[in-house]
Amino acid sequence: MHSQSKDTCLQPIAAVAQRLGLAENDLEFYGRFKAKISPSAIERAKQRQPGKLVVVTAITPTPAGEGKTTVAIGLSMALSRLGKKACVSLREPSLGPLFGMKGGATGGGKATVEPAAEINLHFTGDLHAVTAAQNLLAAFVDNHFYHGNALGIDPDSVLTRRCLDVCDRSLRHITVASGNGGRESSFELTAACELMATLTFSQSITDLKERVARIIIGFTREGKPVTVADLKSAGVVALLRDAIQPNLAQTSEGTPALIHLGPFGNVGCGCNSVRATQLARQLADYTITEAGFASDLGFEKFCDLICRAGGFTPDAAVVVATVRALKYHGGVPLAQLGNKDSDAVANGFANLQKHIENVQAFGLPCVVALNQFSDDRPEELAVIHELCAAQGIQCVPTQVWQYGSEGGLALAAAVMEATQQPSQFRFLYDIEWPLERKLETIAGTLYGAEAVELLPPARQKLAQLQALGLDRLPLCVAKTHLSLSDNARLLGRPSGFTVTIKDLRVMAGAGFIVCYAGNILTMPGLPLVPAVERIEVTEEGRIIGMA
10 MHSQSKDTCL QPIAAVAQRL GLAENDLEFY GRFKAKISPS AIERAKQRQP
60 GKLVVVTAIT PTPAGEGKTT VAIGLSMALS RLGKKACVSL REPSLGPLFG
110 MKGGATGGGK ATVEPAAEIN LHFTGDLHAV TAAQNLLAAF VDNHFYHGNA
160 LGIDPDSVLT RRCLDVCDRS LRHITVASGN GGRESSFELT AACELMATLT
210 FSQSITDLKE RVARIIIGFT REGKPVTVAD LKSAGVVALL RDAIQPNLAQ
260 TSEGTPALIH LGPFGNVGCG CNSVRATQLA RQLADYTITE AGFASDLGFE
310 KFCDLICRAG GFTPDAAVVV ATVRALKYHG GVPLAQLGNK DSDAVANGFA
360 NLQKHIENVQ AFGLPCVVAL NQFSDDRPEE LAVIHELCAA QGIQCVPTQV
410 WQYGSEGGLA LAAAVMEATQ QPSQFRFLYD IEWPLERKLE TIAGTLYGAE
460 AVELLPPARQ KLAQLQALGL DRLPLCVAKT HLSLSDNARL LGRPSGFTVT
510 IKDLRVMAGA GFIVCYAGNI LTMPGLPLVP AVERIEVTEE GRIIGMA
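Have a look at this one:
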């Protein structure tokens, strides 16, 4: 049964596809309002001249919420309203945050992607496919131990973990019975697992097969890597055959939306698939994509990981900010954010300024989208506009939650203007640099760190990677999203801190090294009051409470 936003009239997905120049036979239908785009259509699209690419990021997240996804969706709708062929390219929601702390991930108000309930839940089954494939791969590993361990894998070195798309802290530490004894392991959230990362970077079935084959599942006692190919378990790709195809949906105003895969921005690359972004660029004049969390996480990884892999570069960036969030970073407690406090707004601007600087570090034009709420005070808004103007940055009021595309027309005009500026995009680091230099560049330039410290386990892993020639890969730093630092309690624009790297993990299939900073977890737990408590199904089959 179809569930959608109450006041939304959806178009048949074939009609949405026509707006991108796709025919009905280019689609593989998942009901009336969802489809996957066929491989043949993707191949034909490669002949087209790509359009402009705009990446939406934000200031450091706060409990008040910034509305980054809503703004990205609303911006695409506003561009469509101005007569441009636009497409928004987003990640698929994860059931973990949906039922846990965050809730849904399909926008809000009058700027949503639809059918929202179905997208938030099972959608086209991509995350279930990744979960099944990852767990099958883990089962292969333990089956190998059970049947004698002919490859001589060191049980303590196994990198392949099981996963689940549900937040469950009880699975962070488990004992797996395999072979002659048990070994310690853990579950990860599906969005954080290696096959999710690998699939996100794969651009064809052939590419996916090659990437999966080179995934390192562990090491021998002599330190030799053992791959999926060695284990003869690359057949797990069969479970991912359909999941590699991008999904087509629509916004609440019928603008096309490509929604594909969902690695998190704090523990993964935080962006939708390379394939979906590339396809959107080839089908639309303007592609709006969102990077997870703030510029220090998803945006950096979009630029240094996704763009490297895809061979494309963004034309401009949007940084989303709110009065509430600036107050929070200015020292105002969550319960008092409704109180007037222009001084706190000014103090919190330091956080926004840092994210503007981070965008500029990549050579990109930057527009600030000031996501307005009904209780924002004119004098507080004026503070932000004045401080942005002093930095030479255009700050545009945005009200797409309240008014849909109409509330984003000014932002759309500013973004179109920004994309006309000559591109000066640059990567933050050279992948041939030593790993520590790359880390110091990311932490120093984007976080504002004074130093980076590798703890003994990380140094041991680094020596192993260097010996194997695997250290010259790009980096994916896993750290808290609640601070520019690796300490969630340091709000605003902290300084004088050291980023502590506790561990390293090579994800050879995706093609990067994960650097774990601070107390980062890849399997979250449920909060005291999980979001699932407010979700229910009506007698008519409508699912409500996922906002």
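For any residue, its number in my numbering is found by taking its place in the sequence shown, counting from 1, and adding 9. Note that beta-carbon positions come from the ideal geometry of N, C-alpha and C, so glycine has one too. Computed from a predicted structure; not experimentally measured.
- Under the DSSP definition of a beta bridge, Gln403 partners with Val376.
- Of the residues assessed, Pro483 falls on the buried side of the cut-off, its CB having 16 or more other CB atoms within 10 angstroms.
- For the pair Asn144 and Lys363, the Cα-to-Cα distance works out to about 40 Å.
- Cβ neighbours of Leu160 within its own chain (closer than 8 Å, five residues either side excluded): His153, Thr229, Val235, Asp239 and Leu240.
- Bounds of any alpha helix (DSSP H) do not take in Met516; it lies within the beta strand (DSSP E) bounded by Thr507 to Met516.
- In this structure, Leu500 is the residue among Leu500, Arg481 and Leu479 with its C-alpha nearest to the C-alpha of Thr489.
- For the pair of segments examined, the region 312–323 was found not to touch the region 92–106: the number of CB pairs separated by less than 8 Å stays below three.
- In the DSSP annotation of this structure, the continuous segment of the beta strand (DSSP E) that includes Glu123 starts and ends at Ala120 to Glu123.
- In the structure shown, the three-state DSSP call for Ser414 is helix.
- If you draw a straight line from the Cα of Pro539 to the Cα of Gly112, it is about 9 Å long.
- Burial state of Thr184 is exposed, judged by a 10 Å Cβ sphere holding fewer than 16 other Cβ atoms.
- Boundaries cannot be given for Ile440, as no alpha helix (DSSP H) includes it and DSSP labels it neither H nor E.
- The criterion of a C-beta distance shorter than 7 Å is not satisfied by Asp512 and Ala452.
- Counting along the chain, Lys470 sits inside the alpha helix (DSSP H) bounded by residues Pro465 to Leu477.
- In this structure, DSSP gives Leu198 an extended state, which the three-state scheme calls strand.
- By alpha-carbon distance to His137, the top candidate from Ser49, Gly191, Thr121 and Asp174 is Asp174.
- With fewer than 16 other Cβ atoms from the protein chains shown falling within 10 Å of its own Cβ, Asp439 counts as exposed.
- Partner residues in a beta bridge of Leu537, as assigned by DSSP, do not exist.
- Below 8 Å, enough C-beta pairs join the region 366–380 and the region 394–414 to call them touching: three or more.
- If you check the CB distance, Leu146 and Ser242 come in under 7 Å.
- Under the three-state reduction of DSSP output, Pro48 falls in the helix class.
- In the three-state reduction of the DSSP assignment, Tyr39 falls in the coil class, being assigned neither a helical nor a strand state.
- In the structure shown, Gly190 falls within a strand segment according to DSSP collapsed to helix, strand and coil.
- The three-state reading of DSSP puts Ala138 in helix, counting H, G and I together.
- For Ser98, DSSP records a beta bridge to Leu267 and Thr298.
- The shortest CA-to-CA distance from Phe436 to any of Lys119, Glu309 and Leu36 is the one to Glu309.
- Between Ile225 and Ala517, the beta carbon gap of about 5 Å places them in contact (Cβ cut-off 8 Å).
- Distance from the CA atom of Arg498 to the CA atom of Ser492, rounded to whole angstroms, is 7 Å.
- Ranked by how close their Cα comes to the Cα of Leu257, the residues Gly413, Gly191, His156 and Pro21 have Pro21 in first place.
- Around the beta carbon of Gly271, 16 or more other beta carbons lie within 10 angstroms, which makes this residue buried.
- In the DSSP secondary-structure assignment, Pro234 is bridged to Phe228.
- Two segments are said to touch when three or more pairs of C-beta atoms, one from each, lie closer than 8 Å; by this definition the region 79–87 does not touch the region 333–347.
- DSSP lists Ile510 as the bridge partner or partners of Ala526.
- For Gly117, the secondary structure class from DSSP, reduced to helix, strand or coil, is strand.
- Counted as a single uninterrupted DSSP element, the alpha helix (DSSP H) harbouring Gln287 occupies residues Val283 to Leu292.
- In the three-state reduction of the DSSP assignment, Ala391 falls in the helix class.
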